[in-house]
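A.B. asks: Numbers -22 to -1, 1 to 153, taken from mature numbering (1 follows the signal peptide of the UniProt record, and there is no 0), label the letters of the sequence shown in order.
Ideal Cβ placement from N, Cα and C applies to all residues, glycine included.
Can you read through this structure? Questions will come right after.
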Amino acid sequence: MNMVSQVHAVVLLLSLSIIVFSQSFLPANAAKNLVPDVCRETISYDRCMHALQSDPRAKTASNFMDLAKIALKLGLNNAINSKAYIDGLLEKNHAAPIKKCSFWYEAAVASFRSALAELEEDAMTANYDVKIAGDDAASCENELASGGVKVPSISTRNSDVALYSNIGDVITNKL
């Protein structure tokens, strides 16, 4: 092999190595853009970013289906914890609006569970179910307001469920 051929071979080998090496970083870079892209379409970019980044898997989600599963599980866990919190409040305060909030949170948990179950088979049904979870939280908030009961900790939880519902809505619309 002459010197020119050797140089061409080295240049070709280096070029291929650079291409292969740089391609290995593309999925990670693309995944980093999923969360901000979704959050830009939600009711609160900052709160969405904080919520999704609470699960380290969200940063590496390579597609909207994976990110949807993460977001819906976060929403489900939030609704389950909120239901338990409200039920704990009921041990001390038996106000009718708080009892109704317990009912609405049971429904929100069921809505997130249903959305997760439907996700891979029927994204439109999952989208509907996740929207209902937000409606359930709004119903709890309406019960508190109409009953003249102010429980800021429940109102905060209602806002959080509304956010997770909105995040789920945005993501499932992309499937």
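Taking C-beta to C-beta, are residue 140 and residue 116 nearer than 8 Å?
C.D. replies: yes
A.B. asks: Residue 142 and residue 49 look like a contact to me (Cβ under 8 Å); what is the Cβ gap, rounded to whole Å?
C.D. replies: Confirmed, Cβ separation roughly 7 Å.
A.B. asks: Under the three-state reduction of DSSP, which class applies to residue 8: helix, strand or coil?
C.D. replies: For residue 8, the pLDDT reaches just 43, beneath the cut-off of 50, and the residue's location in the model is therefore unreliable, although a value from the coordinates is still provided. In this structure, residue 8 counts as helix in the three-state DSSP scheme.
A.B. asks: Can you tell which of 43, 79, 86 has its C-alpha closest to the C-alpha of residue 54?
C.D. replies: 86
A.B. asks: Report buried or exposed for residue 24, applying the criterion of at least 16 other Cβ atoms within 10 angstroms of its Cβ.
C.D. replies: exposed
A.B. asks: Assuming residue 36 is part of the alpha helix (DSSP H), what are its boundary residues?
C.D. replies: Element bounds for residue 36: n/a, residue is neither H nor E.
A.B. asks: In three-state terms, what does DSSP make of residue 110?
C.D. replies: helix
A.B. asks: Pop quiz: residue 121 and residue 75 are said to be a contact at Cβ under 8 Å. What is the actual Cβ separation, rounded to whole angstroms?
C.D. replies: The beta carbons of residue 121 and residue 75 sit about 4 Å from each other, so the pair counts as a contact at 8 Å.
A.B. asks: So what does DSSP say about residue 127, is it helix, strand or coil?
C.D. replies: coil
A.B. asks: Are residue 57 and residue 90 touching if we call contact CB-CB under 8 Å?
C.D. replies: yes
A.B. asks: To the nearest angstrom, report how far apart residue 6 and residue 41 are at their CA atoms.
C.D. replies: Note that residue 6 scores a pLDDT of 45, beneath 50, so its modelled location is shaky and nothing firm can be said.
A.B. asks: Measuring CB to CB, does residue 195 end up less than 8 Å from residue 119?
C.D. replies: Given a span of -22 to 153 for the chain in the structure shown, any question on residue 195 remains unanswerable.
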